[in-house]
Amino acid sequence: MDNNKAILKSKSPYSATMTREQFLFHEVRTTAKLLHEGCSTEELMEHIVSDNLFQYPTEKSLKKNSTYLSKKIRCFRG
Numbered sequence: 099m100d101n102n103k104a105i106l107k108s109k110s111p112y113s114a115t116m117t118r119e120q121f122l123f124h125e126v127r128t129t130a131k132l133l134h135e136g137c138s139t140e141e142l143m144e145h146i147v148s149d150n151l152f153q154y155p156t157e158k159s160l161k162k163n164s165t166y167l168s169k170k171i172r173c174f175r176g
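Residues are numbered in our numbering as their position in the sequence shown, beginning at 1, plus a constant of 98.
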């Protein structure tokens with residue numbers, strides 16, 4: 099049964115991560131602006147973390163949310 103769940107999960111384009119997180123309005127705007135300016139995912143992460151653009155207390159939370167937001171915005175863009 100667990101093997102079937104793993105197969106279904108790997109083939110699904112959907113992720114519960116995108117629905118369980120907060121909307122994060124400020125962070126979405128900041129990330130979208132950087133992506134619109136042509137930043138790659140690596141450049142985006144580096145810029146957000148090095149300048150602490152989200153004003154988070156830890157680097158771990160910066161990396162987690164910037165990765166999540168990058169994926170979310172790329173889904174909107176198609």
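Just so it is clear, CB atoms sit at the ideal spot from N, CA and C, and this is done for glycine as well.
All values derive from a computational prediction rather than experimental measurement.
TODO: Please list, in chain order, all residues of the same chain as E157 whose beta carbon is under 7 Å from its beta carbon, the five residues on each side excluded.
DONE: V147
- [ ] Would you tell me roughly how many angstroms separate the C-alpha atoms of R127 and N101, rounded to the nearest one?
- [x] 39 Å
- [ ] Pull up the distance between the alpha-carbon of L142 and that of K162, whole angstroms please.
- [x] 12 Å
Open item on the list: Which same chain residues end up closer than 6 Å to S164 when comparing Cβ atoms and leaving out the 5 residues on each side of it in sequence?
Closed with: M143, I146
Open item on the list: Classify T139: buried if its beta carbon has 16 or more other beta carbons within 10 angstroms, exposed otherwise.
Closed with: exposed
Open item on the list: Out of F152, C173, L132, S159, which one is the CA nearest neighbour of E125?
Closed with: F152
Task: Any non-hydrogen atom of the ligand NAP within 8 Å of H145 CB - done: What this structure holds is no ligand at all, so the ligand NAP is not there to describe.
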